[in-house]
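Chain order of the listed sequences is A and B. The first sequence begins at 1171 in the working numbering and counts up one residue at a time. The second sequence begins at 644 in the working numbering and counts up one residue at a time. Where a beta carbon is used, it is the ideal one built from N, C-alpha and C, also for glycine. Structure, as structure tokens:
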Amino acid sequence: MVDACDIVVVGAGPAGLAAAEAAASHGKRVVLIDSQPRAGGQVWRHDALHGQPRVAMDAIRAAAGNANVTYLEGTQVVAVEPERLLLQDARRGFHLAYGALVLATGARELLLPFPGWTLPGVTGAGGLQALAKQGWPLRGKRVLIAGSGPLLFAAAATAQRHGAHVVGIHEQAGASAVHRFAAGLWRWPGKLAQAARLRLELARVPYRTGSIVTTAEGDHGVSGAHVRGGQGDERIECDLLAVGYGLLPQVELAQLLGCALEPEGAHARVQVGPWQATSQPRVFAAGEACGIGGIDCARVEGHIAGLAAAGAAVPRALVQRRDRARAFAASLRQHFALRDDVRGLANDDTTICRCEDVSLGAVRTHTDAREAKLATRCGMGACQGRICGGALAELGHGPRGGMRPPLFPTRLATLGEPVLSSVSDTRGYTP
Amino acid sequence: MKMSTVRLTINGLRVHVPAGISVATAIALVGQPFRHSVTGEPRAPLCGMGVCFECRVRIDGVAQQRACQRVVNPGMRVETDG
Ligand SMILES: Cc1cc2nc3c(=O)[nH]c(=O)nc-3n(C[C@H](O)[C@H](O)[C@H](O)COP(=O)(O)OP(=O)(O)OC[C@H]3O[C@@H](n4cnc5c(N)ncnc54)[C@H](O)[C@@H]3O)c2cc1C
Ligand code: FES
């Protein structure tokens, strides 16, 4: 069992895999960690039915198969101390000391509350895609997909490949914004080709712009949704409703390490320099954690971060590729900006904190997330504010308070008392 | 091609499910309920990626396991509190 190495890479998505490969190719001993049972991150998630794309298998082999890389799957970082991490897998907790750290923790979906969103059968859009790949029973199911951004297409295609009947894709952005985005795609030919492929695959699925799911209905599970759009209000029957409003960076680990963050809309991303260095010495970050940028961006940033963490020179061409990929991200953000009405769907009775069943009405009287949390227990549950925190920030209730250790609910056997106290004593969190 | 299967128990029921799927999926396949919220509402997986904890179950006696993050294993005992 390893207890020390030169470089720890957290996250085995496109960014982390590229980082591990780059650092290992410079002779560094690398430990690559991911909490998922298999490598690939979000976009390359292993599909129980269809496996993984070639490019994903190659990237995984190049990193996890490298003699200098130890890959720990099903393992998550739950706390940090100076120069070492506290890790936990299904069996135990253990420490790992490192010389340098690459954070490639990716993104999660922005899930906004609306009446009925807690019904079984209502998922995120990427959430549905992830569940489909895990083998979720979709054959013959009517699936309605809504929210915003290109992930809706990817989710619809995956659901369809798993036998679902996709009854519609409802994009909140207006037609002109979506057309302007599509018209600019020629600047990124790879993206254009991908978009064209998906559109063809989904040719029979109705795509509506300027259309928002306002309510989910059903008794024990979802059976239909109300949709508001250009054609007025309509009710659409469905067995599953997948709604995601784009992505937000997962910055909790960076926050715990004291890395400076910067705003990304109402949310936060890890601030990095040209070589992916964070504000903390020997801590680097790459991929969606540094701002939503997509897979190409994640791969090139991972490559740069791996080289920089290994102390190797970073070729200029890589930096140029990164900047180009980031420009795509900016275009996405601009064209799929959320309209105000998606922030107004929840009413006072709508649950906002799903862990503690706190309604929006109970939270609304408080001006910031921290105050609301203390008064209502909103954000104190098992997800530690990952879902309601993002939603509240988007709804204008201020950014989430600082992350406190541990990062995930942790078994007591993993958390020896000294670990917790030394973490909070030495790091000075902004709570 | 014959798909290999895994035998496990979910809420005391002995079930056969395809190998390689997640515990969350196995629960859905056999039609067992997921958790109930603190006020008693039925819930089910939301994020599919380990952040929302709506899929949490007890696996082999260990509570708070995210069913979407675990692949089914022969002999696993899963309880959903549903
Ligand atoms: C649900 C979902 C579905 C998506 N589907 C697509 C798609 O189909 N096509 C597409 O182009 N893009 C998709 N994306 C966008 C995706 O974010 C990027 O394309 C790409 O996966 C980003 O790569 P990354 O390496 O930055 O992060 P990710 O691929 O997200 O990888 C980050 C990894 O870090 C791990 N991790 C995070 N925190 C910890 C911790 N504390 N301990 C251990 N491990 C940790 C996670 O388990 C994850 O595997 C999806 C995003 C989401 C959230
Ligand atoms: S479905 Fe969200 S954690 Fe499993």
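Exercise. What residues are listed by DSSP as bridge partners for H1335 (chain A)?
Worked result: A:R1312
For this session: Report the neighbours of H1390 (chain A) on chain B: residues whose CB is nearer than 7 Å to its CB, in chain order.
Result: P685
Problem set entry | Environment of R1556 (chain A) [buried if 16+ CB atoms lie within 10 Å] | buried
Exercise. Quick one: Cα of V1440 (chain A) to Cα of L656 (chain B), how far?
Worked result: The straight-line gap from Cα to Cα measures roughly 46 Å.
For this session: Taking a Cβ distance cut-off of 8 Å, strictly less, list which residues of the segment 1540-1552 of chain A are near chain B, in chain order.
Result: G1551, A1552
Problem set entry | Residue nearest to G1402 (chain A) in terms of C-alpha spacing, selected from A:A1326, A:A1190, A:R1378, A:V1392 | Looking only at A:A1326, A:A1190, A:R1378, A:V1392, the smallest Cα-Cα distance to G1402 (chain A) is reached by A:R1378.
Problem set entry | Segments of 3+ residues assigned as beta strand (DSSP E) that fall wholly inside the segment 1262-1300 of chain A | Runs of the beta strand (DSSP E) spanning 3 or more residues and lying entirely within the segment 1262-1300 of chain A occur at 1263-1273, 1277-1279, in chain order.
For this session: Express the C-alpha separation of C1525 (chain A) and F1284 (chain A) in angstroms, rounding to a whole number.
Result: Between F1284 (chain A) and C1525 (chain A), the C-alpha separation is close to 16 Å.
Exercise. How is the alpha helix (DSSP H) around Q1490 (chain A) delimited, first residue to last?
Worked result: 1486-1505
Exercise. Does ligand 2 have a heavy atom nearer than 7 Å to the CB of F1578 (chain A)?
Worked result: no
Exercise. So, do the segment 1322-1336 of chain A and the segment 1366-1376 of chain A have three or more beta carbon pairs nearer to each other than 8 Å?
Worked result: yes
Exercise. For Q1258 (chain A), which residues does DSSP report across the bridge?
Worked result: A:Q1246, A:G1263
Exercise. Where in the segment 1335-1399 of chain A do unbroken runs of the beta strand (DSSP E), each at least 3 residues long, occur, reported from the N-terminal end onward?
Worked result: 1335-1341, 1382-1387, 1394-1399
Exercise. Which residues, in order along the segment 1176-1209 of chain A, keep a beta-carbon less than 7 Å from a beta-carbon of chain B?
Worked result: S1205, Q1206, P1207
Exercise. What is the rounded straight-line gap between the Cα of L1271 (chain A) and the Cα of R1534 (chain A)?
Worked result: 39 Å
Exercise. For the segment 1282-1303 of chain A, which residues have a beta carbon sitting closer than 9 Å to at least one beta carbon of chain B?
Worked result: W1287, T1288, L1289, P1290, G1291, V1292, T1293, G1294, G1296, G1297, L1298, Q1299, A1300, L1301, A1302, K1303
For this session: Under 8 Å between beta-carbons, which chain B residues line up against P1579 (chain A)? List them in chain order, please.
Result: F696, Q707
For this session: With distances taken Cα to Cα, identify the nearest neighbour of I1406 (chain A) among A:F1323, A:V1453, A:A1316, A:C1460.
Result: A:A1316
Exercise. Do L1411 (chain A) and A1386 (chain A) have their CB atoms nearer than 8 Å?
Worked result: yes
Exercise. When every heavy atom of ligand 2 is checked, does at least one fall within less than 7 Å of the C-beta of L1289 (chain A)?
Worked result: no
Exercise. Closer than 8 Å, CB to CB, is R713 (chain B) near chain A or not?
Worked result: yes
Exercise. Hey, how far is the Cα of V1512 (chain A) from the Cα of V1413 (chain A)?
Worked result: 11 Å
For this session: Mind listing the chain B neighbours of Q1212 (chain A)? Cutoff is C-beta to C-beta under 8 Å, in chain order.
Result: M692
For this session: Could you name the residues of the same chain whose beta carbon sits closer than 8 Å to that of A1232 (chain A), not counting the 5 residues immediately before and after it, in chain order?
Result: L1187, E1191
For this session: Could you tell me the boundaries of the alpha helix (DSSP H) in which A1482 (chain A) lies?
Result: Where A1482 (chain A) is concerned, there is no enclosing alpha helix (DSSP H), given that its DSSP letter is neither H nor E.
Exercise. In whole angstroms, what separates the C-alpha of A1438 (chain A) from that of G1416 (chain A)?
Worked result: 14 Å
Problem set entry | Candidates A:V1470, A:E1432, A:Q1425, A:A1479, of which the one nearest F1454 (chain A) by Cα | A:A1479
For this session: Reducing DSSP to helix, strand and coil, say where A684 (chain B) ends up.
Result: Correcting the residue identity first, residue 684 (chain B) is Glu in this sequence and not Ala. Three-state DSSP puts E684 (chain B) in coil, outside helix and strand.
For this session: Can you check DSSP and say which residues form a bridge with H1437 (chain A)?
Result: A:E1434
Problem set entry | Exposed unless 16 or more other CB atoms sit within 10 angstroms - verdict on L1544 (chain A) | Classification for L1544 (chain A): exposed.
Exercise. Does the distance from the CB of A1300 (chain A) to the CB of G691 (chain B) come in under 8 Å?
Worked result: yes
For this session: Would you identify the three-state DSSP class for P1419 (chain A), choosing helix, strand or coil?
Result: strand
Exercise. What in chain B is Cβ-close to C1408 (chain A), meaning under 8 Å?
Worked result: By Cβ distance, chain B contributes nothing, its closest Cβ being about 15 Å from C1408 (chain A), past 8 Å.
Exercise. Whose C-beta lies closer than 7 Å to the C-beta of A1327 (chain A) among residues of the same chain, with five residues either side of it excluded?
Worked result: Cβ neighbours of A1327 (chain A) beyond the five flanking positions: L1368, E1371, L1372.
Exercise. Shorter than 8 Å from the beta carbon of L672 (chain B) to some beta carbon of chain A?
Worked result: yes
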